[in-house]
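*Asks:* Here's a structure for you.
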Amino acid sequence: MNLDKQAKQDIHLSGYQARDYDVVDYHMTELPGTGLQFRGPVPEAALSGGDFFACIGAAQTFGCFCEEPYPDLIGREIGLPALNLGYGGAGPEFFLKQDSLLPYLNRARFVILQVMSARSQSNQLYDCDGLEYVRLRQDGRHMGAAAAFTELLCGPMTIHNLPLPFRVRRKLANLKVRPRARAIVSDLREAWIRSSLELIERIEVPVILLWYSKRAPAYHEGYATHSQLFGEFPHMVTPQMLAPLKPNVAAYVEVVTSVGSPQPLFSRFTGKPTTVNPANDRSDLAVKPWSENLYYPSPEMHHDVVSSLLNTPEAIAVMRNKP
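In short: position in the sequence shown from 1, add 14, done, that's this note's numbering.
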């Protein structure tokens, strides 16, 4: 869909540039015909009908705090320019809703599809259009997905108002809400699978599905806090969610790495240690400034992606094959 001015105001354009400018220049560029900004520069081949490949995903594909994210590194290795369509906070639902991106994806030689977070999937609790900034269905309030699940897991205020010790009230309230929370998560996961499968179906060129995380797909989820429930990125995604996707892609590559993390942050202007303020990206994320990158993949982790892709025969066959 082509986004008009009002639609652009409604969508969460998280480009990270205002937050990270002292560390990296992302050369943010509006992709023609989409109304959306992505990391640049956009390869001329993607605009002129030439030969290129595309990468879709969230911040990990975008490459926060990384001068050369994995799309660029792979492009250099195989001699083919990369169109980096990494988008902050995105899930498969987001890309499914962007009809204007399909011509770019289907003109590419192949697409690398990052396994994205399930928190960015509309569900019984909130609507989000495939982004991490959500609108609660109950009252229309906007907040981050983590805040929405934190509020849910706190349980009903009727229990918190009981004349009991705080820890007892918190435990009782959490236990009360767990059946509903489990139902919401089940709904969310099923919707994420549907969105992912439909996105893969709409892409007419070979797809490499990329698991890129500090954790393996299997994890032990808990319902005491949102952190226990989410796990490491991609949040709430399990092997059972990946299973229906794998038969529908040309290759599956699993990269589990944490090398180089946490990543100290340095100013690109002075070469000295620096800090970034998350509030410069989104006011609701206002916390203490960061002197290290604890969350996003380090530059070394991006190199691990390239190594894994180039050591997976099915992925090599896709990347080296010429139409």
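Each residue gets a CB set at the ideal place from its N, CA and C atoms; glycine is no exception.
Could you check which residue in Ile92, Gly64 and Val38 has the C-alpha nearest to that of Cys78?
*Replies:* Ranking the options by Cα distance to Cys78, first place goes to Val38.
*Asks:* Going by CA-CA distance only, name the one from Pro292, Asn307 and Tyr309 that's closest to Val301.
*Replies:* Checking every option, the nearest Cα to that of Val301 belongs to Pro292.
*Asks:* Is Val270 helix, strand or coil when you go by DSSP?
*Replies:* Val270: strand per DSSP, three-state reduction.
*Asks:* From what residue to what residue does the beta strand (DSSP E) around Gly89 run?
*Replies:* That residue, Gly89, is in no beta strand (DSSP E); its alpha helix (DSSP H) goes Tyr84 to Ile92.
*Asks:* In three-state terms, what does DSSP make of Pro170?
*Replies:* In this prediction, Pro170 scores a pLDDT of 46, lower than 50, which makes its location untrustworthy; no coordinate-derived value is stated.
*Asks:* Report, in whole angstroms, the separation of the C-beta atoms of His240 and Ala331, which I expect to be a contact under 8 angstroms.
*Replies:* No, His240 and Ala331 are not in contact; Cβ-Cβ is about 40 angstroms, not under 8 angstroms.
*Asks:* Over what stretch of residues does the beta strand (DSSP E) that includes Ser227 continue unbroken?
*Replies:* It spans Val221 to Ser227 - the beta strand (DSSP E) in which Ser227 sits, taken as one unbroken run.
*Asks:* Grouping DSSP H, G and I as helix and E and B as strand, with all else coil, what is His156?
*Replies:* Looking at His156 - three-state DSSP - the assignment turns out to be strand.
*Asks:* Skipping 5 residues on each side, what residues in its chain have a beta carbon closer than 8 angstroms to that of Asp143?
*Replies:* Around Asp143: Ile25, Glu107, Phe108, Lys111 and Ser136.
*Asks:* Can you give the Cα-Cα distance for Tyr237 and Gly100, rounded to whole angstroms?
*Replies:* Each residue's alpha carbon lies about 30 angstroms from the other.
*Asks:* Answer with buried or exposed for His249, where buried requires no fewer than 16 other C-beta atoms within 10 angstroms of its C-beta.
*Replies:* Result: buried.
*Asks:* Given a cut-off of 9 angstroms, decide if Glu246 and Ser227 are closer than it, judged by their beta-carbon atoms.
*Replies:* Yes, the pair counts as a contact, with Cβ atoms nearer than the cut-off.
*Asks:* If you follow the alpha helix (DSSP H) that Asn325 is in, where does it begin and where does it stop?
*Replies:* Careful: Asn325 lies outside any alpha helix (DSSP H) and carries neither H nor E.
*Asks:* For Glu306, which residues from the same chain have a beta carbon less than 8 angstroms from its beta carbon, with the 5 sequence-adjacent residues on both sides left out?
*Replies:* Hits under 8 angstroms: Pro276, Gln277, Pro278 and Leu279.
*Asks:* Going by the DSSP bridge assignment, what does Asn98 pair with across the sheet?
*Replies:* DSSP output for Asn98 lists Cys69 as bridge partner(s).
*Asks:* Is the separation between the beta-carbon of Ser134 and that of Ala96 shorter than 9 angstroms?
*Replies:* Contact flag unset, no.
*Asks:* Since I believe Arg53 is in contact with Phe67 (beta carbons under 8 angstroms), could you give me their beta-carbon distance rounded to a whole number of angstroms?
*Replies:* Between Arg53 and Phe67 the Cβ distance is about 15 angstroms, and since that is not below 8 angstroms, they are no contact.
*Asks:* What runs of the alpha helix (DSSP H), each 4 residues or longer, lie entirely inside the segment 240 to 285?
*Replies:* Here the runs fully enclosed are 240 to 244 and 253 to 256.
*Asks:* In or out: Glu146 buried (at least 16 other Cβ within 10 Å) or exposed?
*Replies:* Answer is buried; the Cβ neighbour count reaches 16.
*Asks:* Mind checking which residues open and close the beta strand (DSSP E) that includes Tyr147?
*Replies:* Tyr147 to Leu150 is the extent of the beta strand (DSSP E) around Tyr147.
*Asks:* Taking Phe259 and Ile214 to be in contact with their CB atoms under 8 angstroms, please state how far apart those CB atoms are, rounded to whole angstroms.
*Replies:* One point to set straight first is that residue 259 is Leu, not Phe, in the sequence displayed. At roughly 7 angstroms, the Cβ-Cβ gap stays under 8 angstroms, so Leu259 and Ile214 are in contact.
*Asks:* Can you tell which of Lys336, Met255, Met157 and Glu218 has the C-alpha that lies nearest to the C-alpha of Ala205?
*Replies:* Selected option, being the one with the closest Cα: Met255.
*Asks:* Please report the residue range of the alpha helix (DSSP H) in which Leu119 lies.
*Replies:* Element bounds for Leu119: Leu116 to Arg121.
*Asks:* Taking just the CA atoms, how far does Gln31 sit from Val273?
*Replies:* Cα-Cα distance, rounded: 24 angstroms.
*Asks:* Give every residue of the same chain whose Cβ lies closer than 8 angstroms to the Cβ of Arg155, excluding the five residues on either side of it in the sequence, and list them in chain order.
*Replies:* Taken in chain order, the residues that qualify are Arg149.
*Asks:* Go to Gln31, then tell me how far its alpha helix (DSSP H) extends in each direction, as first and last residue.
*Replies:* From DSSP, the alpha helix (DSSP H) with Gln31 extends over Gln31 to Asp34.
*Asks:* Give the C-beta separation of Val269 and Ser322 to the nearest angstrom, bearing in mind that I take them to be a contact with Cβ-Cβ under 8 angstroms.
*Replies:* With a Cβ gap of about 5 angstroms, Val269 and Ser322 count as contacting.
*Asks:* I need the straight-line Cα distance from Ala329 to Val221, nearest angstrom please.
*Replies:* Straight-line Cα distance between these residues: approximately 9 angstroms.
*Asks:* For Thr288, which residues in the same chain have their Cβ closer than 8 angstroms to its Cβ, ignoring the five residues on either side in sequence?
*Replies:* Counting only Cβ-Cβ distances below 8 angstroms, and skipping sequence neighbours, we find Asp36, Val37, Leu279, Phe280, Ser281 and Ser305.
*Asks:* Got a sec? Which residues, its chain only, sit under 8 angstroms from Val232 by beta carbon, not counting five neighbours each side?
*Replies:* Note on identity: in this sequence residue 232 is Ala, with Val being the wrong assignment. Result list for Ala232: Thr252 and Pro253, in chain order.
*Asks:* Among Pro46, Phe163, Leu87 and Glu81, which residue has its Cα nearest to the Cα of Ser114?
*Replies:* Checked all of Pro46, Phe163, Leu87 and Glu81; the closest Cα to Ser114 is Pro46.
*Asks:* In terms of DSSP beta bridges, what is Ile126 paired with?
*Replies:* Beta-bridge pairing links Ile126 to Cys69 and Ile222.
*Asks:* Using a Cβ-Cβ cut-off of 7 angstroms (strictly less than) and excluding sequence neighbours within five positions of Ala264, which residues of its own chain qualify?
*Replies:* Answer for Ala264: Pro220, Val221, Ile222, Glu328 and Val332, listed in chain order.
*Asks:* Could you tell me which of Met130, Ser131 and Leu116 sits nearest to Gln124, measuring between CA atoms?
*Replies:* In the sequence on display, residue 124 carries Phe and not Gln. Closest by alpha carbon: Leu116.
*Asks:* So, under 8 angstroms CB-CB, Glu218 and Asn120 are touching, yes? Tell me the CB distance rounded to an integer number of Å.
*Replies:* About 5 angstroms; that satisfies the 8 angstroms criterion.
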